[in-house]
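Asker: Dumping the structure here so I can ask a few things about it.
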Amino acid sequence: MAKRIAFATTKGGLDDVIADRFGRAPTFTIIEIDENTKSITNIRIVENPGTSVERGAAIKVVQLLIDERVDI
Numbered sequence: 008m009a010k011r012i013a014f015a016t017t018k019g020g021l022d023d024v025i026a027d028r029f030g031r032a033p034t035f036t037i038i039e040i041d042e043n044t045k046s047i048t049n050i051r052i053v054e055n056p057g058t059s060v061e062r063g064a065a066i067k068v069v070q071l072l073i074d075e076r077v078d079i
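Residue numbers (the working numbering): 8 to 79.
Encoded structure:
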């Protein structure tokens, strides 16, 4: 079984830094980890749809994370 973890990032990827604003972060880095082996099985960088709206950024981010089936 795998767990998906999302990090708000500035450009995306494992070498990136955590963004200072969750709802307005440019990207989300989504890491899939195999719970048995504790190893990374997949890394995805997803653009944040909340950056293009004046209001409701957090709602768009939450919907993105639900759609991506993020656990944490």
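Virtual Cβ for every residue (Gly too), placed ideally from N, Cα, C.
Fair warning: this is a prediction, and the values are worked out from it, not measured in the lab.
(1) In this structure, how does DSSP classify residue 58 when only helix, strand and coil are distinguished?
(2) Have a look at the DSSP bridge pairing and note the partners of residue 36.
(3) What are the start and end residues of the alpha helix (DSSP H) that includes residue 64?
(4) Do three or more CB pairs link the stretch 16-26 to the stretch 56-65 at distances below 8 Å?
(5) Pick helix, strand or coil for residue 9, following the three-state DSSP scheme.
Answerer: In terms of the structure at hand:
(1) The three-state secondary structure of residue 58, taken from DSSP, is helix.
(2) 14 and 52
(3) 64-74
(4) Result no; under three Cβ-Cβ pairs closer than 8 Å.
(5) strand
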